[in-house]
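Have a look at the structure below, then the notes.
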Amino acid sequence: QVPALAGPSSPEMQLLGLLLALLGAGEWDGGWGLHIQVQEAVMIQEGLCALVPCVILYSRSVWNHSAPAYGYWYWKKKNVNKQEELVATNDPDREADVTKSPFQLVGDPRANDCSLGISEPRKENSGRYFFRLERESEKLASKSSLLNLTITGLTQLPDIHILEPLESGRLSLLKCSMPGACKGDLSPTFSWTGASLRSLGLDLEAYTTSEIKVTPLPQDHGTYLTCRVTLPKIGVSTERTVQLNVSCECQKLLCRSLSLSLFLVLESQGNVTFLEAQKGQVLQLLCTAEGQPPVTLSWALENRVLSRSHPTGSRTLGLELPGVKPGDAGHYTCRAENRLGSQDRTLDLSVQYPPEELTVTVSQANRTELEILRNGSSLPVLQGQSLRLVCVTHSNPPARLSWVQGTKTLSLSRSSDPGVLELPVVQEEHEGDLTCQAQNLLGTQHFSLSLSVHYPPQLLGPFCSWGAEGLTCSCSSRAWPPPSLRWWMGEALLDGDSSNASFMVTSSSAGTWANSSLILHGGVSSGLRLSCEARNVHRVQRATVLLLPGQRPWGGQGWAKLPPSSHYPLPPSSPQQGHRNTSGSDSPPEAPPPARAPPPAVEELELHYASLSFRGLRPREAQDPEDATPPSTRSSRSASDGSPGRRQGPVLCQPFSEATRC
1 QVPALAGPSS PEMQLLGLLL ALLGAGEWDG GWGLHIQVQE AVMIQEGLCA LVPCVILYSR
61 SVWNHSAPAY GYWYWKKKNV NKQEELVATN DPDREADVTK SPFQLVGDPR ANDCSLGISE
121 PRKENSGRYF FRLERESEKL ASKSSLLNLT ITGLTQLPDI HILEPLESGR LSLLKCSMPG
181 ACKGDLSPTF SWTGASLRSL GLDLEAYTTS EIKVTPLPQD HGTYLTCRVT LPKIGVSTER
241 TVQLNVSCEC QKLLCRSLSL SLFLVLESQG NVTFLEAQKG QVLQLLCTAE GQPPVTLSWA
301 LENRVLSRSH PTGSRTLGLE LPGVKPGDAG HYTCRAENRL GSQDRTLDLS VQYPPEELTV
361 TVSQANRTEL EILRNGSSLP VLQGQSLRLV CVTHSNPPAR LSWVQGTKTL SLSRSSDPGV
421 LELPVVQEEH EGDLTCQAQN LLGTQHFSLS LSVHYPPQLL GPFCSWGAEG LTCSCSSRAW
481 PPPSLRWWMG EALLDGDSSN ASFMVTSSSA GTWANSSLIL HGGVSSGLRL SCEARNVHRV
541 QRATVLLLPG QRPWGGQGWA KLPPSSHYPL PPSSPQQGHR NTSGSDSPPE APPPARAPPP
601 AVEELELHYA SLSFRGLRPR EAQDPEDATP PSTRSSRSAS DGSPGRRQGP VLCQPFSEAT
661 RC
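Just so we're aligned, residue 1 is where the sequence shown starts under full-length UniProt numbering, counting upward by one.
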């Protein structure tokens, strides 16, 4: 690096020349008769100015000091046939050749000074340079002592000088300088930017000088001030930014010459700091301030600026809210500020609206994920499982949530949230329409769903008896979804609602019930197994009767409760025949059940029997109410102690010779 450009006759240059001469550095060039003392390598940033000191040493000692001496600096180009280009001289006859050069011969060759000045060079000026001297009749060159010059990009930043600590309300002088910058016509231009300059009241030129005067305020503490320097010849700019440290007295922080009023225009309401508005209303917020100098007004929601006024504009700034929405709620702040300070006023806006976006989510015992239901949808649930319904809505003020079934309000929840409905064990009585109600002062919203309770088949039968057509068996089942019934003879499946010479199957259904009867024509061999099978998507259930030999006819005997593996008598077609009834659910389903249902369960059926006999039965129209003899009846029923009650199925009747048995 080299020092900045200085005058050729300055005391510093004379001292430097004397020092270099005394040191005697370098070598004599006997072939050329001239030696100079110059820095071998010089590096300068593009656009700046520099001075390269140079001292001339001679090979002869006698000179006419009054004779003129002319110096020439040449650029020794590479690979151009050793061409040399003149870049600086004090020869008036050759000055026209170097008018666009950034180099100047600032030293006086008569005083042994060959110093070279460089002003705003460019990168393409990098290279090797040598000096030539012409004095009297001699022409001497110093090609063995070369100056290697390198021009780099501009990285130098300007300096900002704050001459004294900044105090609030006190005038301060700030200076900006560019180290290495040129002087005179090549001087750089300056510009200042920063919050502390916003209200100086000065002309634009006041911000484009190297020195400015400011009177900082308390709010200027911590703000930033930037000085930007532009080098005109190469058009390159650089800048430096500093953070201001302003000291002040705390009691002077308030804006003494600023008054601010905030009011809301809404029907007949006056000045407010809190407002409740209903969704859809039209609001106009007005903020008015007075101050000198004129103030700037702004409206902000939370930290987001919505609108801003100009200092020369109106003293009132309005904010329109057409069709206010829930998202418009929040803290609205009006700020008024000038160079003396600022003031804020805040309005808390609350938007009220009826319940909306009512949603219901469901979680069941056999599922891990939550399901969002649609309004009016049907929800199937397996009997005995747990169910949790969560009702959620958006409203202001918060809505009151409740669950209703028919006209009954439900409170089946261990949670303190009234929007939660929990059914630990779903039963048949829970089936029906459920409604979640959300209500506040502004309105009500409903969400309805239909709860459908599913349960596996409950098999009744089979019940078998001998009739005129042969052995007749019947069974019934109740389930939801409705069950289907099938008959098995041994391992053979008998097609439903079909008949041939050996059997006839008849089936019917109504609601949750399904009924089926089987008539076997002709003789029946002992050891015959007849099975009735009931199934739906949740379970398959089967009960079997076994015909045993050696049983006597019932002949009017009553029914008795028998365990599943017990033998029980049926009226045989011959004295050696009877039936045995067993039960189970060992038959696999035809198709796998849905994912929501558990796999078919094995259940041992406990049989219940009843018998009702009508003796002396006559047609209704042939009976005389006065002399008719009441038929003798006998009824018996057996049930397991403590067994759960069942909804009764249809009564099955068969004609016998002595009576009709049901």
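Glycine included, C-beta positions come from ideal geometry on N, C-alpha and C.
Proximal residues to residue i (C-beta, below 7 Å), its chain only, five neighbours per side dropped
i: D328; result: L321, L349 and V351
i: L283; result: L266, A277, L321 and V324
i: L133; result: L34, I56, A69, G71, P109 and L140
i: P462; result: C473, S474, C475, L530, C532, A543 and V545
i: V38; result: V52, C54, S145 and L147
i: P483; result: P457, S477, A514, A534, R535 and N536
Nonlocal neighbours in the same chain, by C-beta distance under 8 Å from residue i, ignoring five residues either side
i: S237; result: R228, V229, T230 and L231
i: residue 665; result: Outside the modelled stretch of the chain, which goes from 1 to 662, sits residue 665, for which no answer is possible.
i: D433; result: Q405, G406, S448, L449, S450 and L451
i: S377; result: L449 and S450
i: K252; result: Below a pLDDT of 50, predicted positions are generally treated as unreliable, and K252, at 32, falls in that range; no measurement from the model is reported.
Environment of residue i [buried if 16+ CB atoms lie within 10 Å]
i: P398; result: exposed
i: H454; result: buried
i: Y353; result: buried
i: Y224; result: exposed
i: E46; result: buried
i: Q243; result: exposed
i: V305; result: exposed
i: E120; result: buried
i: N375; result: exposed
i: I36; result: buried
i: D185; result: exposed
i: A438; result: buried
i: E337; result: buried
i: Q458; result: buried
i: N500; result: exposed
i: N303; result: exposed
Beta-carbon proximity of residue i to residue j, cut-off 8 Å
i: T189; j: T215; result: no
i: T312; j: E356; result: no
i: A492; j: N536; result: no
i: S452; j: A534; result: no
i: S309; j: T296; result: yes
i: S402; j: P418; result: yes
i: G71; j: T89; result: yes
i: S474; j: S517; result: yes
i: L547; j: S526; result: yes
i: R122; j: A67; result: no
i: S342; j: V246; result: no
i: S126; j: C54; result: no
i: V420; j: Q383; result: no
i: L347; j: L285; result: yes
i: V390; j: T361; result: yes
i: E84; j: K76; result: yes
Residue i (DSSP reduced to helix, strand or coil)
i: V324; result: coil
i: P216; result: coil
i: S196; result: helix
i: H221; result: coil
i: G313; result: coil
i: N125; result: helix
i: V537; result: coil
i: P569; result: Low confidence applies here, because P569 scores a pLDDT of 34, under 50, leaving its location unreliable; read the following figure in that light. Reduced to three states, the DSSP call for P569 is coil.
i: G184; result: helix
i: E491; result: coil
i: D91; result: coil
i: D97; result: helix
i: H65; result: coil
i: K76; result: strand
i: R110; result: helix
i: H454; result: strand
i: H430; result: helix
Residue i beta carbon near the ligand NAP (any heavy atom closer than 7 Å)
i: L147; result: Among the ligands in the structure shown, none appear at all, so the ligand NAP cannot be discussed.
6 Å Cβ shell around residue i - same chain, five flanking residues per side excluded
i: C334; result: L262, C287, W299 and R345
i: M504; result: I519
i: L528; result: L547
i: G117; result: L5, L51, Q104 and V106
i: L379; result: L449 and L451
- Message: For the structure I just gave you, are there three or more beta carbon pairs, one from the stretch 151 to 158 and one from the stretch 166 to 175, closer than 8 Å?
- Response: Look at the beta carbons and you see the stretch 151 to 158 not touching the stretch 166 to 175: under three pairs across the two are nearer than 8 Å.
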